[in-house]
Amino acid sequence: MCAMDRTFEELIAEADAVDVSGWDFSWLDGRAAEERPPWGYQRQLGERVGAAHLHLDIQTGGGEVLAGVPQRASGATVATEGWPPNIAISQQNLRDKGVVIVFDEDEPPLPFADNTFDLVTSRHPVMAHWREIARVLAPGGTYFSQHIGPDSGHEVYEWFLGPKPTGKSFREPALARQEAEKNGLEIVGLEEAELKMEFFDIGAMVYFLRKVIWFVPDFTVEKYRDDLLRMHEHMEREGSFVAYSRRFLIEARKPGA
Numbered sequence: 001m002c003a004m005d006r007t008f009e010e011l012i013a014e015a016d017a018v019d020v021s022g023w024d025f026s027w028l029d030g031r032a033a034e035e036r037p038p039w040g041y042q043r044q045l046g047e048r049v050g051a052a053h054l055h056l057d058i059q060t061g062g063g064e065v066l067a068g069v070p071q072r073a074s075g076a077t078v079a080t081e082g083w084p085p086n087i088a089i090s091q092q093n094l095r096d097k098g099v100v101i102v103f104d105e106d107e108p109p110l111p112f113a114d115n116t117f118d119l120v121t122s123r124h125p126v127m128a129h130w131r132e133i134a135r136v137l138a139p140g141g142t143y144f145s146q147h148i149g150p151d152s153g154h155e156v157y158e159w160f161l162g163p164k165p166t167g168k169s170f171r172e173p174a175l176a177r178q179e180a181e182k183n184g185l186e187i188v189g190l191e192e193a194e195l196k197m198e199f200f201d202i203g204a205m206v207y208f209l210r211k212v213i214w215f216v217p218d219f220t221v222e223k224y225r226d227d228l229l230r231m232h233e234h235m236e237r238e239g240s241f242v243a244y245s246r247r248f249l250i251e252a253r254k255p256g257a
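Using UniProt numbering, the first residue of the sequence shown is number 1, and each one after it goes up by one.
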């Protein structure tokens, strides 16, 4: 049965019961869509991993992005993750790739020696700890990452939580540049993109908010039932709910041989 043929209660009940562990969004296929950044992060990641000797992937999530990269570092790849449900998933996804998973709660310091890795990567880090990134990079090493940009998807949280000032967050690309340079790194590249997000049924939104918990940190179906019903009616009337995500790609180098 098509999602749009089901009632509000059926859609939210289904989405409230489904497993949301890991970082695989395939459950949303056909129910939500998001434009991809133009730079092709996973492809570029593979190119850099293939040229690296020792590689560290920070906040790997369920390891889905790294698992999709065919190249491997010539020495070793280590990945960190701090959310317990993702540890088992990342081990399952990366074990056959020879990647070592290290539990790390994403609070400094990183559990590695100074000047260790010639490549450090991260896709959508919750927080980039620039001092630690610079510390574990070997001289001449590179940090390559796709970050979540400022006010990303603010249309979603404003629907549930009300208006929020924009343009003053810790996710500004200029702030990332400033912090990287303050910690001795040289910016090699910095690109930005605004990308359309579209949700086609209310179940997709419930799943999204249960999985991406920082949009509405106290989200439950029961607490926000009235807002969900209002959004469901909006989707039926307009065909979808539209928001805009923001991403930036940053590459920084540690000076040295």
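Cβ coordinates follow ideal geometry from the N, Cα and C atoms, glycine included. These numbers were taken from a predicted model, which means no experiment stands behind them.
Residue pairing of Val120 in beta bridges, as defined by DSSP: Leu56, Tyr143. Counting only the Cα atoms, Leu11 lies some 18 angstroms from Val156. The three-state reading of DSSP puts Ser74 in coil, since its state is none of H, G, I, E or B. Beta-bridge annotation (DSSP): Ala204 is not paired with any residue. Per the coordinates, the alpha-carbon of Ile202 lies some 44 angstroms from the alpha-carbon of Leu54. Nearest to Val188 by C-alpha distance, out of Glu14, Pro217, Pro255, is Pro255. Apart from sequence neighbours up to five positions away, the residues of its chain that approach Val242 with a beta-carbon distance below 6 angstroms are Glu198, ordered along the chain.
Check the Cα spacing between Ala128 and each of Pro139, Pro111, Ile148: the tightest is with Ile148. Cβ-Cβ separation between Ile89 and Gly22: approximately 4 angstroms, consistent with a contact (criterion under 8 angstroms).
A check of alpha carbon separations from Glu9 across Leu229, Thr80, Ser240 identifies Leu229 as the nearest. A Cβ-Cβ distance of about 16 angstroms is found for the pair Val120 and Ile101, leaving them out of contact under the 8 angstroms criterion. Of all C-beta pairs linking the stretch 55-63 to the stretch 25-35, fewer than three are shorter than 8 angstroms, placing the two stretches out of contact. Phe200 places its beta carbon 8 angstroms or farther from that of Leu209. Counting the other CB atoms within 10 Å of its CB gives Asp114 a total below 16, which places it among the exposed residues. Rounded to whole angstroms, the Cβ separation of Phe112 and Ala138 is 11 angstroms, and the two are not in contact under 8 angstroms.
Counting C-beta atoms within 10 angstroms of its own C-beta, Asp5 has fewer than 16 neighbours from the protein chains shown and is therefore classed as exposed.
For Ser245, the closest of Arg31, Val20, Lys182, Ala193 by C-alpha to C-alpha distance is Ala193. Just so you know, the alpha carbons of Trp39 and Lys196 end up roughly 16 angstroms apart.
Across the set Gly162, Arg247, Gln92, Met205, the C-alpha of Met205 shows the shortest separation from the C-alpha of Asp16.
Judged by DSSP in its simplified three-state form, Val136 adopts helix.
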